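Only one structure is covered here, and it is reproduced in the block below.
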Amino acid sequence: MLYRKMPKNGDELSILGFGCMRLPVKEDGSIDEERATRQVRYAIDQGVNYVDTAWPYHMEESEPFLGRALADGYREKVKLATKLPSWLIERREDMDKFLNAQLEKLKTDHIDYYLIHALVGDLWDNLEKLGVADFLDKAKADGRIRNAGFSFHGSGEDFNRVVDAYDWDFCQIQYNFLDEKNQAGTPGLKYAASKGLGVIIMEPLRGGNLTKTMPQAVKDIWEEAPIKRSPAEWALRWVWNHPEVTVVLSGMNEEAHVEENLKVAGEAYPNSLTETELQLVKKVERKYRELMKVGCTGCRYCMPCPAGVNIPLCFELYNNLYLSGNADETKFLYAAQLSGAISVGETGFASQCVQCGQCLEKCPQHIEIPKMLESVVEELEGSDLEERVAMARQLFKKQA
1 MLYRKMPKNG
11 DELSILGFGC
21 MRLPVKEDGS
31 IDEERATRQV
41 RYAIDQGVNY
51 VDTAWPYHME
61 ESEPFLGRAL
71 ADGYREKVKL
81 ATKLPSWLIE
91 RREDMDKFLN
101 AQLEKLKTDH
111 IDYYLIHALV
121 GDLWDNLEKL
131 GVADFLDKAK
141 ADGRIRNAGF
151 SFHGSGEDFN
161 RVVDAYDWDF
171 CQIQYNFLDE
181 KNQAGTPGLK
191 YAASKGLGVI
201 IMEPLRGGNL
211 TKTMPQAVKD
221 IWEEAPIKRS
231 PAEWALRWVW
241 NHPEVTVVLS
251 GMNEEAHVEE
261 NLKVAGEAYP
271 NSLTETELQL
281 VKKVERKYRE
291 LMKVGCTGCR
301 YCMPCPAGVN
311 IPLCFELYNN
321 LYLSGNADET
331 KFLYAAQLSG
341 AISVGETGFA
351 SQCVQCGQCL
361 EKCPQHIEIP
371 KMLESVVEEL
381 EGSDLEERVA
391 MARQLFKKQA
């Protein structure tokens with residue numbers, strides 16, 4: 001296992017972190033606790049020392065599971081990370097209520113790495129008004145948390161201002177070779193590192209979309225490599241190649257995944273990919289973009305939309321529908337993310353488009369945005385949209 005140093009506190013963290021959002025499950029959807037515990041403990045025995053969870057994972061069962069899985073001395077072997085469910089916060093005292101409940105669920109007296117979960121610009125603005133800085137300061141002072149950070153899913157400009165808004169120890173961003181220009185992206189990675197923040201990476205495989213149901217055209221490119229590696233190894237090595245990255249989270253739920261990721265995590269040094277290998281990854285990235293339905297880079301020049309449509313997110317999910325082949329999951333994410341169920345923002349559905357055409361003047365990719373939004377409506381909304389929105393609101397609005 002290779003380790004990298006957290007800039008502000010000097011912690012030596014395993015470059016592979018165990019993400020507990022996609023644990024193995026039984027037929028009824030509940031966590032397969034015996035199997036998941038074996039996987040988590042095996043990874044720790046092999047050198048993984050960063051374990052990540054959050055309030056809503058596995059219908060709020062991930063934290064209690066992890067509290068049990070880290071018994072028998074395993075809690076002392078790891079740095080434990082969990083997250084404040086920011087979309088549920090209505091007042092300052094809610095922050096302490098959730099943190100205290102999480103400490104109980106996780107059977108611990110402190111959280112090593114505590115994040116404000118799933119920030120976008122308006123959500124951060126709301127939390128800032130409610131006193132989140134005071135909450136973090138006091139929770140650090142009384143020892144309930146050791147390091148304060150945030151996970152992020154918003155725009156690049158919002159990312160920079162969140163970084164600058166508090167004395168963070170670390171942050172967590174979505175990053176892979178398809179997301180260099182999406183959300184925080186490469187500019188955000190470098191900006192956070194320049195400010196002395198450790199950077200934790202989520203979705204290095206884009207939720208598995210870079211490894212499962214892979215188009216044959218992409219497989220053919222990987223076969224060109226003189227050194228044969230699995231698509232997962234290529235994607236992970238590409239992220240670890242960036243020296244600004246501290247830890248990469250992997251949602252491992254198959255024993256084979258654990259073994260493969262552990263092996264790669266013992267070899268993936270920063271700046272270790274050759275220029276030829278980097279060009280091969282770039283070729284794969286270009287092929288994926290050819291296969292995508294919309295050539296949107298997530299630059300957000302089209303925003304804000306006068307009708308409130310979240311154009312980049314609509315297109316991101318529309319592309320994911322065709323890259324992943326998982327219609328049910330993509331439709332649920334569309335309902336959850338664009339209904340405002342996980343933020344304090346307004347709805348951003350494609351069907352809100354009024355064909356005003358303002359976005360057409362701004363798009364550097366010259367995408368026929370209103371026309372493409374019609375396709376998004378056809379593929380991702382449908383007669384059961386309200387039912388999916390209701391399910392999402394029920395999931396994300398539970399109180400502690």
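For the sequence shown, full-length UniProt numbering assigns the number 1 to the initial residue and increments by one for each residue that follows.
Backbone N, C-alpha and C fix where the C-beta goes; we use that ideal spot for every residue, glycine too.
Quick caveat, the model's predicted, so the values are computed rather than measured.
Legend entry - Buried versus exposed, by CB contacts within 10 Å (16 or more), D28: By 1-based counting over the sequence shown, the position of residue 28 is 28. With fewer than 16 Cβ atoms within 10 Å of its Cβ, D28 is classed as exposed.
Inset, instruction - Output the residue ranges of the beta strand (DSSP E) runs that lie fully inside the region 13 to 59 and measure 3 residues or longer, sorted by chain position. - result: 16 to 19 and 50 to 52
Inset, instruction - Give every residue of the same chain whose Cβ lies closer than 7 Å to the Cβ of W168, excluding the five residues on either side of it in the sequence, and list them in chain order. - result: The residue labelled residue 168 in the question sits at position 168 within the sequence shown. Closer than 7 Å at the Cβ level, and outside the excluded window around W168, lie A148, G149, F150 and L197.
Inset, instruction - Rank R38, E12, S14 and L16 by C-alpha distance to the C-alpha of E254 and give the top, closest one. - result: Sequence index remark: in the sequence shown, residue 254 carries index 254 (1-based). Comparing Cα-Cα distances from E254 to each of R38, E12, S14 and L16, the minimum goes to R38.
Legend entry - DSSP-derived helix/strand/coil call for H257: Locating residue 257 in the sequence shown gives position 257, counting from the first residue. DSSP places H257 in helix when its eight states are reduced to three.
Legend entry - N-terminal and C-terminal residue of the alpha helix (DSSP H) that M391 is part of: If you number the sequence shown from 1, residue 391 lands on position 391. Counting along the chain, the alpha helix (DSSP H) containing M391 begins and ends at L385 to F396.
Inset, instruction - Please go through the same chain and pick out, in chain order, the residues whose beta-carbon is closer than 7 Å to the beta-carbon of I44, but skip the five residues on each side of it. - result: Position 44 of the sequence shown, counted from the start, is the residue given in the question as residue 44. Excluding residues within five positions, the ones whose Cβ falls inside 7 Å are Y74, K77 and V78.
Legend entry - Member of K97, K26, F98 and D109 whose CA lies at the smallest distance from the CA of G67: As a working mapping, residue 67 is identified with position 67 in the sequence shown. Among K97, K26, F98 and D109, the Cα nearest to that of G67 belongs to D109.
Legend entry - Neighbourhood of A193 by C-beta, 7 Å cutoff - its chain only, sequence neighbours within 5 removed: Residue 193 sits at position 193 when you count from the first residue of the sequence shown. Cβ within range, chain order: V199 and E244.
Legend entry - Rounded straight-line distance, which links the Cα of P215 to that of A341: Position 341 of the sequence shown, counted from the first residue, corresponds to residue 341. Position 215 of the sequence shown, counted from the first residue, corresponds to residue 215. Approximately 32 Å between the Cα atoms of the pair.
Legend entry - With 16 other Cβ atoms within 10 Å as the buried cut-off, status of N319: Taking the sequence shown and counting its residues from 1, one reaches residue 319 at position 319. Counting Cβ neighbours within 10 Å, N319 comes out buried, since at least 16 surround it.
Legend entry - Option in T53, A71, L70 and D72 with minimal Cα separation from E63: As a working note, residue 63 is residue 63 in the sequence shown. Considering only alpha carbons, the answer is T53.
Inset, instruction - Can you have a look at I367 and say buried or exposed, based on whether 16 or more other CB atoms are within 10 angstroms of its CB? - result: Taking the first residue of the sequence shown as position 1, residue 367 is located at position 367. Per the 10 Å Cβ criterion, buried.
Inset, instruction - Between the Cα of K283 and those of P187, A225 and Y113, spot the shortest distance and give me the residue it belongs to. - result: Residue mapping note: residue 283 aligns to position 283 of the sequence shown, counting from 1. Of the candidates P187, A225 and Y113, the one whose C-alpha sits nearest the C-alpha of K283 is A225.
Legend entry - Which listed residue (T246, E259, A217 and H242) has its alpha carbon closest to that of A232: Taking the first residue of the sequence shown as 1, we reach residue 232 at position 232. When only C-alpha atoms are compared, the closest one is E259.
Legend entry - Buried or exposed by the 16-neighbour rule on C-beta atoms within 10 Å, applied to Q399: Within the sequence shown, residue 399 is the residue found at index 399, counting from 1. Interpretation of Q399 is limited by its pLDDT of 42, a score under 50 that renders its predicted location unreliable; the figure taken from the coordinates is listed afterwards. With fewer than 16 other Cβ atoms within 10 Å, it is exposed.
Legend entry - Three-pair Cβ contact test at 8 Å for the region 318 to 334 versus the region 201 to 215: yes
Legend entry - Buried versus exposed, by CB contacts within 10 Å (16 or more), R286: Within the sequence shown, residue 286 is the residue found at index 286, counting from 1. Exposed, because fewer than 16 other Cβ atoms sit within 10 Å of the Cβ of R286.
Legend entry - Nearest residue (CA-CA) to M21, options L273, M252 and T297: Reading the sequence shown from its first residue, position 21 is the one you call residue 21. Among L273, M252 and T297, the Cα nearest to that of M21 belongs to M252.
Inset, instruction - In angstroms with no decimal places, state the Cα-to-Cα distance between E223 and T246. - result: For the purposes of this step, residue 223 is taken as the residue at position 223 of the sequence shown. For the purposes of this step, residue 246 is taken as the residue at position 246 of the sequence shown. Between E223 and T246, the C-alpha separation is close to 29 Å.
Inset, instruction - Tell me, please, whether the region 173 to 181 touches the region 122 to 132 by the rule of three or more beta-carbon pairs shorter than 8 Å. - result: no
Legend entry - Whole-angstrom C-beta distance between N241 and L273, which should lie under 8 Å: As a position in the sequence shown, residue 273 is number 273, starting the count at 1. As a position in the sequence shown, residue 241 is number 241, starting the count at 1. Between N241 and L273 the Cβ distance is about 5 Å, and since that is below 8 Å, they are a contact.
Legend entry - Completely contained alpha helix (DSSP H) runs for the region 198 to 267, where each covers 4 or more residues: 216 to 222, 231 to 240 and 255 to 264
Inset, instruction - Assign I31 to buried or exposed, taking buried as 16 or more other Cβ atoms, counted over all protein chains shown, within 10 Å of its Cβ. - result: Position 31 of the sequence shown holds residue 31. Answer is buried; the Cβ neighbour count reaches 16.
Inset, instruction - Out of L262, I227, A256 and L80, point me to the one whose CA is closest to T276's CA. - result: Start at 1 with the first residue of the sequence shown, and residue 276 comes out as number 276. Closest by alpha carbon: I227.
Inset, instruction - Taking Y191 as the reference, give the member of N160, R300 and L178 with the closest Cα. - result: Numbered from its first residue, the sequence shown carries residue 191 at position 191. For Y191, the nearest C-alpha among the options comes from N160.
Legend entry - N9 classed as buried or exposed, judged by whether at least 16 other C-beta atoms fall within 10 angstroms: The residue given as residue 9 occupies position 9 in the sequence shown. Answer is exposed; the Cβ neighbour count stays below 16.
Inset, instruction - Take R393 and list the residues in its own chain whose beta-carbon comes closer than 8 Å to its own, dropping the five residues that flank it on each side. - result: Translated into positions along the sequence shown, residue 393 becomes position 393. So the qualifying residues of the chain are S339 and A341.
Legend entry - Distance cut-off 7 Å: V248 Cβ against heavy atoms of the ligand ATP: For the structure depicted, the ligand ATP is absent and the ligand set is empty, with no information on it obtainable.
Legend entry - Among L278, Q337 and L249, the one whose alpha carbon lies nearest that of I221: Taking the first residue of the sequence shown as 1, we reach residue 221 at position 221. Nearest C-alpha to I221: L278.
Inset, instruction - Could you check if A217 is buried or exposed, using at least 16 other CB atoms within 10 Å of its CB as the buried criterion? - result: The sequence position of residue 217 within the sequence shown is 217, counting from 1. So A217 counts as exposed.
Inset, instruction - Can you tell me the Cβ-Cβ gap for A36 and F65, rounded? I've got them flagged as a contact below 8 Å. - result: For the purposes of this step, residue 36 is taken as the residue at position 36 of the sequence shown. For the purposes of this step, residue 65 is taken as the residue at position 65 of the sequence shown. Their Cβ separation, rounded to whole angstroms, is 7 Å, which keeps A36 and F65 in contact under 8 Å.
Legend entry - Three-state secondary structure (DSSP) of C359: By one-based count along the sequence shown, residue 359 stands at place 359. It is helical.
Inset, instruction - Below 8 Å on the Cβ atoms is my guess for S351 versus E386; work out the distance and round it to an integer in Å. - result: Position 351 of the sequence shown holds residue 351. Position 386 of the sequence shown holds residue 386. 12 Å between Cβ atoms; not a contact.
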